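Peer 1: So in the numbering used here, spot 244 of the sequence shown is number 242, and the numbers just go up one at a time.
The beta-carbon is built from N, C-alpha and C at its ideal position, and this holds for glycine as well.
Note that the coordinates shown come from a computational prediction; the quantities given were computed from them, not determined experimentally.
The following block contains the structure, expressed as structure tokens.
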Amino acid sequence: MTTHTEAEIASQPDCWRRAVENVPVDALPRPGERVAVVGCGTSWFIAMAYATLRERAGLGETDAFAASEAPTGRRYDRVLALTRSGTTTEVLELLGKLGDTRTTAITADPNTPIMSAAEQVIVLDYADEKSVVQTRFATTQLAMLRASLGEDLTRAIDDVAEAVAAPLPEQLVEAEQFSFLGSGWSVGLAQEAALKMREASRSWTEAYPAMEYRHGPISIAGPGRVTWMLGSAPEGLREQVEATGGGFFESSLDPMAELVRAQRVAVARAFARGLNPDEPLHLTRSVILSS
């Protein structure tokens, strides 16, 4: 029987196509605006990726924060809140403190408090999920955000179709430990890949900017352990990791598509450990804190 998580991972090529064909430009940050992007958990990591891409595109200063850590005294033209559930306490509380700052939210559920907490709301209900572990909503909103920056995602969509269908290397399913690496916008994706491994399969995972990996974290590399690069690796890093006896993985796929492959590995590892990826331990769909 296919789990909800598996089905949602497999649906991502179609979700991405729909997202890039329906970009609500009027609700998203405008060129030149100073923007803060906020979220919790997965949404924070997606915020990190988008913030880097927007600045790199020359469209304005863009910061990313965990909603609980966002500075309320700093002036922004717009705050963009990412929240699949639309009920996350820290996001709703932050939006309530922003005064006259423009606010936009992206959510999956139109029947939640976020609809009145933000001035403008983008609803991607077709990418909503039954699984607690967030997969397609995260990547679908990032596909839409990348398209809003003028990116052509044709190749990324081809790549994700490959990522959901290709066989998984046994070395990845059986590894003892993972270190995910990224560079630029894929640093957030590396953090998200590590989170998926923890959530779905309780795997030992870490994540770093690629150039920082040699400044200490490489000491964990060794036989039975995997260093997994999302994007292009710095020169010489593969050789240094392989010299420890550890495995080094990278591909030519778009980093967002490579994240999808990591999602699939997380599910495969869950099954190998007798876990149900639809019901991760100690987690709920949304963190709602009592006052």
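Throw me the rounded Cβ distance for the residue 273 and residue 199 pair, which I believe falls under 8 Å.
Peer 2: Here residue 273 refers to the residue found at position 275 of the sequence shown. Here residue 199 refers to the residue found at position 201 of the sequence shown. That belief holds up - the Cβ atoms of residue 273 and residue 199 are roughly 6 Å apart, short of 8 Å.
Peer 1: Just checking my contact of residue 96 with residue 183 at CB under 8 Å: how many whole Å lie between their CB atoms?
Peer 2: Position 98 of the sequence shown, counting from 1, holds the residue named residue 96. Position 185 of the sequence shown, counting from 1, holds the residue named residue 183. Between residue 183 and residue 96 the Cβ distance is about 25 Å, and since that is not below 8 Å, they are no contact.
Peer 1: Would residue 0 be called buried (16 or more neighbouring beta carbons within 10 Å of its own) or exposed?
Peer 2: Mapped onto the sequence shown, residue 0 falls at position 2. Burial call: exposed.
Peer 1: Mind the definition here: the region 114 to 132 touches the region 10 to 17 only if three or more C-beta pairs lie below 8 Å; say whether that holds.
Peer 2: Enough Cβ pairs lie closer than 8 Å, so yes.
Peer 1: Would you list the residues sitting across from residue 179 in a DSSP beta bridge?
Peer 2: Working through the sequence shown from its first residue, we reach residue 179 at position 181. Residue 179 pairs with 206 and 227.
Peer 1: If you follow the beta strand (DSSP E) that residue 118 is part of, which residue opens it and which one closes it?
Peer 2: Working through the sequence shown from its first residue, we reach residue 118 at position 120. It spans 118 to 121 - the beta strand (DSSP E) in which residue 118 sits, taken as one unbroken run.
Peer 1: Taking DSSP's pairing of strands, which residues face residue 245 in a bridge?
Peer 2: The residue labelled residue 245 in the question sits at position 247 within the sequence shown. Beta-bridge pairing links residue 245 to 224.
Peer 1: Among 234, 258, 217 and 117, which one has its Cα closest to the Cα of residue 195?
Peer 2: The residue given as residue 195 occupies position 197 in the sequence shown. Selected option, being the one with the closest Cα: 258.
Peer 1: How long is the line joining the alpha carbons of residue 235 and residue 190, rounded to whole angstroms?
Peer 2: Your numbering for residue 235 matches position 237 in the sequence shown. Your numbering for residue 190 matches position 192 in the sequence shown. Taking the straight line joining both Cα atoms gives about 21 Å.
Peer 1: Could you tell me the distance, in whole angstroms, from the CA atom of residue 303 to the CA atom of residue 244?
Peer 2: With the chain running from -1 to 289 in the structure shown, residue 303 is simply not present.
Peer 1: Considering just the uninterrupted stretch of the beta strand (DSSP E) at residue 80, what are its terminal residues?
Peer 2: Mapped onto the sequence shown, residue 80 falls at position 82. From DSSP, the beta strand (DSSP E) with residue 80 extends over 76 to 80.
Peer 1: Would you tell me roughly how many angstroms separate the C-alpha atoms of residue 33 and residue 76, rounded to the nearest one?
Peer 2: Taking the first residue of the sequence shown as position 1, residue 33 is located at position 35. Taking the first residue of the sequence shown as position 1, residue 76 is located at position 78. When rounded, the distance between both Cα atoms is 5 Å.
Peer 1: Pull up the distance between the alpha-carbon of residue 201 and that of residue 232, whole angstroms please.
Peer 2: The sequence position of residue 201 within the sequence shown is 203, counting from 1. The sequence position of residue 232 within the sequence shown is 234, counting from 1. Approximately 26 Å between the Cα atoms of the pair.
Peer 1: Please list, in chain order, all residues of the same chain as residue 70 whose beta carbon is under 8 Å from its beta carbon, the five residues on each side excluded.
Peer 2: Taking the first residue of the sequence shown as 1, we reach residue 70 at position 72. Counting only Cβ-Cβ distances below 8 Å, and skipping sequence neighbours, we find 92, 95 and 96.
Peer 1: How would you label residue 164, buried or exposed, when you count the other beta carbons within 10 angstroms and need 16 or more for buried?
Peer 2: Counting from 1 along the sequence shown, the entry for residue 164 is found at position 166. Its Cβ having fewer than 16 others within 10 Å, residue 164 is exposed.
Peer 1: Per the contact definition of three or more C-beta pairs closer than 8 Å, is the region 205 to 215 in contact with the region 58 to 66?
Peer 2: No: the two stretches stay apart, fewer than three of their Cβ pairs being nearer than 8 Å.
Peer 1: Can you check the region 91 to 167 for any alpha helix (DSSP H) of at least 4 residues that lies completely inside it and give the ranges in chain order?
Peer 2: Taking only runs of at least 4 residues, the alpha helix (DSSP H) segments lying wholly in the region 91 to 167 are 112 to 115, 134 to 146 and 152 to 161.
Peer 1: With distances taken Cα to Cα, identify the nearest neighbour of residue 228 among 24, 253 and 219.
Peer 2: Working through the sequence shown from its first residue, we reach residue 228 at position 230. With distances taken between Cα atoms, residue 228 lies closest to 253.
Peer 1: Using the rule of at least 16 other Cβ atoms within 10 Å of the residue's Cβ for burial, across every protein chain shown, is residue 270 buried or exposed?
Peer 2: For the purposes of this step, residue 270 is taken as residue 272 along the sequence shown, with counting starting at 1. With fewer than 16 Cβ atoms within 10 Å of its Cβ, residue 270 is classed as exposed.
Peer 1: Report yes or no: do three or more beta-carbon pairs, one from the region 130 to 139 and one from the region 5 to 13, lie closer than 8 Å?
Peer 2: Yes, the region 130 to 139 is in contact with the region 5 to 13.
Peer 1: Can you tell me where the alpha helix (DSSP H) holding residue 40 begins and where it ends?
Peer 2: Here residue 40 is taken as the residue at index 42 of the sequence shown, counted from 1. First-last of the alpha helix (DSSP H) with residue 40: 40 to 54.
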